[in-house]
Every structure is written in C-alpha cells, then in structure tokens.
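Visitor: Structure below; questions to follow.
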Amino acid sequence: MRLASRILTALLGLGLIAYFWPFGGGDEVVTQVEPPPSAHDRLFTTPAAPAPKAAKGTQAIPVPAAPKPQGKPADAEPTAALTKNDEVAIKPQLKPKRYYRVVVRDGGRIEANGTVITLAGISARAADAKCKDAKGRAWACGAGGRAALVRLIRGRAVTCKVPASGKQKAVTASCTVGGTDLSTWMVAQGWAAAKEPNEPKLAKTADAARKKRLGIWR
C-alpha cells in the first residue's frame with residue numbers, strides 16, 4: 000500500500016515536471032504575440048479599396064465633340080431682330096398731332112405745349128439776325144422772317160408729324176396750317192433756305208425766291 004502510494008506520488012511529480020519544464024514554473028503567464036501581417040497577407044486579407052476615377056499622372060482619352068451643323072450661325076436671327084429694332088429707333092413712327100396756341104420763336108421754329116418744333120428741311124435766320132441788302136445796308140431779316148410766319152399762322156392750330164411714342168421737348172417735324180406746308184411756304188417767300196442735303200422741290204423753290212429777290216435775298 001505504501002509502495003503504491005509512493006509510485007503514484009512519483010508519477011504525479013514526473014507529470015508536473017514534464018508539464019512545466021519548457022516554460023518555467025510558478026505563476027508566470029506567457030502571452031503569445033501575434034506577428035504583424037506581412038504585405039503578402041494584407042493583399043489577401045484586407046478588402047480592396049474602390050478604384051479611383053482617374054489614375055494620377057495619366058491622361059484621359061478625349062471624346063470627340065459632335066460636329067457643328069453647317070449653314071447660318073445660331074445667332075443670325077437675334078442679330079436680324081436687333082437690326083430691325085435699331086431701324087425702328089432711327090426712324091420712329093410718326094403721327095399727326097395738332098398744336099394750339101402756337102408761339103413763333105423765329106422763321107424756322109415754333110413752340111407749343113412746352114415742345115419746341117424745328118421746321119424740317121429748311122434753315123432760317125434767328126429772330127435777332129441782321130442781313131445786308133444788294134446795296135450793303137443792314138436790315139433785320141430775322142425779325143422779318145418771324146413776322147412772316149406769324150402772319151401765316153394767324154393764331155390757327157398747327158398740325159405736325161411727330162414721333163408716336165413719348166413726349167419730346169424738342170423735335171424736328173413737317174408742319175402744316177390750313178393745308179399749307181410751313182417749310183415750303185417759308186422757302187417760297189424767301190425767308191428760309193433749303194438745308195443740305197436738300198429735297199429737289201425745296202431747292203427749286205429756293206432758287207425761284209432768290210431770282211425774285213424775295214425775303215432775305217433782296
């Protein structure tokens with residue numbers, strides 16, 4: 000009995016020695032450290048990142064642009080429309096307008112309702128202008144032209160063709176009174192000359208007044 004107990008104790012001691020012999024004895028705990036994964040391991044264990052849109056240093060393949068249609072440019076119509084608008088601005092639409100209580104400023108200008116109207120197509124002397132006759136004597140031709148236009152209007156309403164839109168403070172227009180064109184009448188009476196470039200009708204009328212030595216031509 001004692002022998003069996005001794006054999007058992009010996010075997011247990013041998014077992015303990017065999018179990019602790021490679022690592023040492025006592026309460027020491029050995030922690031196994033995992034080696035860091037190599038590049039080879041990461042290649043297969045790490046999820047692959049999404050591919051970039053364009054690799055740095057590479058050139059994108061250019062996509063050829065669609066061919067432009069042949070013919071008129073796309074902005075041809077807007078340009079044409081703009082040109083038409085410019086023509087309208089240069090040549091505004093005119094409409095007859097009647098003016099009352101007209102004041103004659105000189106032989107080529109009248110005023111009514113705060114608007115100064117220059118008679119179209121003629122050049123007249125200012126109200127205080129002086130002229131010389133055939134003998135070299137000075138006389139008040141400007142006052143004479145103004146008085147002639149006052150006598151023609153005689154307080155009647157004057158109708159002028161003015162721009163249809165807006166109210167102008169100064170405008171050049173063709174005007175009539177009682178069916179008589181003011182510009183033509185002033186040239187025919189010798190109180191105004193035809194402007195350059197002039198109309199053939201006014202030029203002939205001015206030549207006739209000069210030959211008759213009427214108005215400023217005396």
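Quick note on numbering that gives the first Met the number 0: the sequence shown kicks off at 0 and runs consecutively.
All residues carry an ideal CB built from backbone N, CA and C; glycine is no exception.
#1: Please state whether the Cβ-Cβ distance between L93 and L181 is less than 9 Å.
#2: Note the first and the last residue of the continuous beta strand (DSSP E) segment covering L201.
#3: Applying the criterion that 16 or more other CB atoms from any shown protein chain within 10 Å of the CB defines a buried residue, is I6 buried or exposed?
#4: Report the CB separation of S122 from G107 in whole angstroms; it is logged as a contact under 8 Å.
#5: Could you check where the alpha helix (DSSP H) with A270 kicks off and where it finishes?
#6: Specify, as a first and last residue, the run of the beta strand (DSSP E) that A111 falls within.
#7: Here's a check: name, in chain order, each residue in its chain whose Cβ is nearer than 7 Å to the Cβ of V103, leaving out the five neighbours to either side.
#8: In chain order, what residues of the same chain have a beta carbon less than 8 Å from the beta carbon of K168, not counting five sequence neighbours either side?
#9: What's the gap between the Cα of A191 and the Cα of K129?
#10: Would K96 and C159 qualify as a contact pair, given that the criterion is a beta-carbon distance under 9 Å?
Guide: Taking the definition as stated:
#1: No. Outside cutoff.
#2: Taken as a continuous stretch (DSSP letters only), L201 belongs to no beta strand (DSSP E), being part of the alpha helix (DSSP H) at 199 to 210.
#3: exposed
#4: 7 Å
#5: This structure leaves residue 270 out entirely; the chain is present only between 0 and 217.
#6: 108 to 111
#7: I109, R145, L148, V149, I152
#8: G113, T114, V115
#9: Cα to Cα, the separation comes out at about 14 Å.
#10: yes
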